[in-house]
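Chemist: The structure follows.
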Amino acid sequence: MTIDPRDVLTRPAPPPDFTLRYGEHADHVADVRLPGVPDAPLVLFVHGGFWRHEWDRAHAGPLSADLAARGYAVATVEFRRTGQAGGGWPGTFSDVAAAAVAVPDLLEKEVAHRGLLPVSVDRPILSGHSAGGHLALWYAAVAPDAVGGVVALAPVADLAKAYELNLDEGAVGDLLGGAPDAVPDAYSAADPMAKLPSGVRTVILHGTEDDIVPIALSRNYCRLARRAGDDTTLVELAGVDHFAVIDPLSGAWPAVLAAFGTVTRGEGADGD
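Take a look at the structure:
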């Protein structure tokens with residue numbers, strides 16, 4: 001039986017333990033799933049969907065639930081996206097930054113209030129898929145001292161190239177307001193490629209058969225990151241598509257778990 005790779009996008013997942021609010025907008029929230037063990041490392045996860053309003057955090061439920069079952073505290077961050085008021089540049093970015101600052105402290109206070117086991121919130125792991133992977137790389141570069149490491153899954157790591165390739169029919173232009181030569185300041189501020197070195201331990205996982213975000217973007221990012229002095233590893237997953245890296249039922253999932261383990265422990269990762 002062949003499984004549709006997109007099945008994970010609509011697969012039901014256990015509900016979060018609770019939801020935190022980090023701002024006033026309806027999308028200034030983060031779903032929290034706890035593992036039930038003390039001092040679990042915190043993962044802030046940023047979902048994908050090419051920054052578009054049509055995609056929200058719901059499809060990250062299976063990933064978040066599985067990570068929680070394996071000993072991580074997971075906060076799945078929502079944010080304003082293109083196609084809604086305040087989404088795009090700079091609102092999408094300010095939301096992610098605000099969440100990264102506020103959610104760890106809010107979580108620490110909430111688990112204490114509820115009498116739950118404590119979570120290790122200092123310098124959380126930042127992770128994301130696709131457009132969320134881009135946002136994870138971006139925030140790590142602008143606030144390296146606040147991030148313990150990055151696990152980026154099939155990230156849009158090069159916005160200028162993604163614009164040139166017209167990924168998702170103009171998603172980058174919609175995010176930043178135009179082409180690189182039209183809004184150069186936005187690209188300079190928002191593109192992880194323009195912010196190397198980040199100074200943050202990073203593992204990127206990307207499937208060789210990804211036809212939504214080409215692996216070439218990750219290859220080039222990692223090459224330039226290492227040249228700039230960053231501790232950055234690319235794990236190329238042979239025969240893997242865009243969605244397998246967020247699917248706990250896929251054959252790629254053990255590699256994703258290994259990446260979280262190595263970043264959590266500060267170890268090296270197998271990759272090029």
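Take 1 as the starting number for the sequence shown in full-length UniProt numbering and just add one per residue. Backbone N, C-alpha and C fix where the C-beta goes; we use that ideal spot for every residue, glycine too. Remember, it's a predicted structure, so these values are computed and weren't measured experimentally.
#1: Is the separation between the beta-carbon of V103 and that of A30 shorter than 8 Å?
#2: Check each candidate in G149, D158, I125, A194 and name the one with the smallest Cα separation from A75.
#3: Candidates T82, L176, G177, A73: which alpha carbon is nearest S127's?
#4: Within the same chain, show all residues whose beta-carbon is closer than 8 Å to that of A98, passing over the 5 residues directly before and after it, in chain order.
#5: Have a look at G115, V156, L175 and flag the residue whose alpha-carbon is nearest the alpha-carbon of L217.
#6: Starting from the C-beta of G88, find all residues in its chain whose C-beta is less than 6 Å away, skip the five residues before and the five after it, and write them out in chain order.
#7: Excluding five sequence neighbours on each side, which residues of the same chain lie with their C-beta closer than 6 Å to the C-beta of L135?
#8: Use the C-beta contact count for H206: other C-beta atoms within 10 angstroms, 16 or more gives buried, fewer gives exposed.
#9: In terms of alpha-carbon separation, which member of V151, P184, A143, P144 lies closest to L159?
#10: Taking 7 Å as the limit between beta carbons, can you name the residues of its chain near A186, skipping five residues before and five after?
#11: Confirm, please, whether the CB-CB distance from R11 to F243 is below 8 Å.
#12: Verify whether the separation of the beta carbon atoms of L153 and I246 is less than 8 Å.
#13: Can you tell me whether S127 sits near the ligand PLP, meaning its C-beta is under 7 Å from at least one heavy atom of the ligand?
#14: Among W253, T232, E236, P248, which has the Cα closest to the Cα of G266?
#15: Cα-Cα, which of G36, L63, F79 is closest to W55?
Modeler: With the structure as the only source:
#1: Closer than 8 Å, so yes.
#2: The option with the nearest alpha carbon to A75 is I125.
#3: The shortest Cα separation from S127 among T82, L176, G177, A73 belongs to A73.
#4: For A98, where only same-chain residues beyond five positions count, the Cβ hits under 8 Å are Y22, G23, H28.
#5: Ranked by how close their Cα comes to the Cα of L217, the residues G115, V156, L175 have V156 in first place.
#6: Answer for G88: T82, L175, listed in chain order.
#7: Same-chain partners within the cutoff: V46, V96, G128.
#8: The residue is buried, with at least 16 neighbouring Cβ atoms inside 10 Å.
#9: Checked all of V151, P184, A143, P144; the closest Cα to L159 is P184.
#10: Excluding sequence positions up to five before and after A186, its CB lies within less than 7 Å of the CB of W89, L176, G177, all in the same chain and listed in chain order.
#11: Contact: no.
#12: Yes, Cβ-Cβ distance for L153 and I246 is below 8 Å.
#13: You won't find the ligand PLP in this model; it holds no ligand whatsoever.
#14: Ranking W253, T232, E236, P248 by Cα distance to G266 puts T232 first.
#15: If we check each option's Cα against that of W55, F79 comes out closest.
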